[in-house]
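Step one of this worksheet: look at the structure below.
Numbering (the working numbering), first residue to last: 23 to 339.
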């Protein structure tokens, strides 16, 4: 497993290099002039030219990329062109909020999605199965940001039960700020729990039709014992990958949903930076998201191999 881990970490280098080229190219060739946007419409061409020199935009794109990549390799993410703060500080302030939202959302999605999938599989082709499959289909089709807007209108504007945005006082203990997480968690968790429920249902149906489950039933074991001790364990193992991918996506920030709730996470930081043409922040946050997602995938693969010793990792022997 150690050899596999080293091999995967080495493979991160070319992957991150290609990702950096793609991210830099998309940002640099995007329409709009950051210098003109920062100075406003009343700025003269001379002022804009000086600002472009200050921002380094007068240099050729390959030179700008080489300078940026060199800085990133030394963990120097640069400075925001809008508020003049270190980009690393902005990311460090936003990521804990996204991590908190991701952990709570994933927990809720697992606690609801897994039982729904199991129940649907056990009640296959019955009313309960139809209800669960209909709910999950609806959950997957509704955009999380649109659901978020509906939740704000109902629970915040009409009923005034929950705050519509923000994270509360930063000096307050986390558990006393859960009310700020309820609406964004619901908005994001619906699609995630729908994914989990459908995967669990499909896997459980296959396992319940397998020979060893039929053998267990033929031996006279109780149905609950067959499901919990035989079917469930086999069903949940392949879902490690699905859970890991969903968690990696959540860590990348629910971009639009965080913006809807004015939630100060990675997703909202990306959106605000794009709107402000704050190139250093956009490039750094996107690279950060790529790194987080790749590392999450490695952890998922290692976890799968640890939970199932029969799995052989390529390059581990």
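Virtual Cβ for every residue (Gly too), placed ideally from N, Cα, C.
* To do: Identify, in the order they occur along the chain, each residue of the same chain with its Cβ nearer than 7 Å to the Cβ of residue 131, setting aside the five sequence neighbours on each side.
  => Around residue 131: 211, 214, 215, 218.
* Asked: Taking the C-alpha atoms as reference points, what is the distance between residue 32 and residue 87?
  -> In a straight line, the C-alpha of residue 32 is about 22 Å away from that of residue 87.
* **Test item: CB-CB of residue 257 and residue 235 under 8 Å** => No, these two residues do not count as a Cβ contact at 8 Å.
* alpha helix (DSSP H) segments (min. 4 residues) lying fully within the stretch 169–254 -> DSSP runs (the alpha helix (DSSP H)) wholly in the stretch 169–254: 201–230, 233–240.
* Tell me where the alpha helix (DSSP H) around residue 271 begins and ends. => Start and end: 261–273.
* Asked: Which residues bound the alpha helix (DSSP H) around residue 148?
  -> For residue 148, there is no enclosing alpha helix (DSSP H), as DSSP marks it with neither H nor E.
* To do: Indicate the three-state DSSP secondary structure (helix, strand or coil) for residue 63 in the structure shown.
  => In this structure, residue 63 counts as coil in the three-state DSSP scheme.
* Pairwise C-alpha distance: residue 232 and residue 246 -> Approximately 16 Å, taken between the alpha carbons.
* To do: Starting from residue 285, follow the alpha helix (DSSP H) in both directions and report where the run begins and ends.
  => Per DSSP, residue 285 lies in no alpha helix (DSSP H) segment and is marked neither H nor E.
* For residue 84, which beta-bridge partners are listed by DSSP? -> The partner list for residue 84 (beta bridge, DSSP) is empty, contrary to what the question assumes.
* Taking the C-alpha atoms as reference points, what is the distance between residue 273 and residue 168? -> When rounded, the distance between both Cα atoms is 20 Å.
* Asked: Among 263, 98, 74, 251, which residue has its Cα nearest to the Cα of residue 55?
  -> Taking residue 55 as reference, the option from 263, 98, 74, 251 with the minimal CA-CA separation is 74.
* Ordered along the chain, which non-local residues of its own chain (more than five positions away) have a Cβ less than 6 Å from that of residue 107? -> So no residue of the chain qualifies.
* Asked: What three-state label does DSSP hand residue 108 in the structure shown?
  -> Look at residue 108 here: in three-state DSSP terms it is strand.
* Asked: Can residue 101 and residue 302 be called in contact, C-beta distance under 8 Å?
  -> Yes, they are a contact pair.
* Where do the N-terminal and C-terminal ends of the alpha helix (DSSP H) with residue 46 fall, by residue? -> Where residue 46 is concerned, the enclosing alpha helix (DSSP H) stretches over 24–50.
* Asked: Would you report the Cα separation of residue 118 and residue 278, rounded to the nearest angstrom?
  -> About 18 Å.
* **Residue from 328, 322, 292, 320 whose Cα sits closest to the Cα of residue 112** => Looking at 328, 322, 292, 320, the one whose alpha-carbon comes closest to that of residue 112 is 292.
* Quick one: what's got a C-beta closer than 6 Å to residue 177's C-beta in the same chain, skipping five residues either side? -> Here the set comprises 183, 184.
* What's the gap between the Cα of residue 289 and the Cα of residue 242? -> Distance between the alpha carbons of residue 289 and residue 242 is about 53 Å.
* Where residue 328 falls, given that 16 or more other Cβ within 10 Å makes a residue buried -> Exposed, because fewer than 16 other Cβ atoms sit within 10 Å of the Cβ of residue 328.
* Out of curiosity, what's the CA-to-CA distance linking residue 59 and residue 299? -> Distance between the alpha carbons of residue 59 and residue 299: 8 Å.
* Near residue 188, which residues of its chain fall below 7 Å by C-beta distance, leaving aside the five closest residues on each side in sequence? -> Non-local beta-carbon contacts of residue 188 in its own chain, meaning distances under 7 Å to residues more than five positions away in sequence, involve 202, 284 in chain order.
* Asked: Beta-carbon separation of residue 139 and residue 226 under 8 Å?
  -> A contact, by the Cβ cut-off of 8 Å.
* To do: Report back the beta-carbon spacing between residue 384 and residue 170 to the nearest angstrom; my notes put them in contact at under 8 Å.
  => Residue 384 falls outside the range modelled here, since the chain spans only 23 to 339, and no answer is possible.
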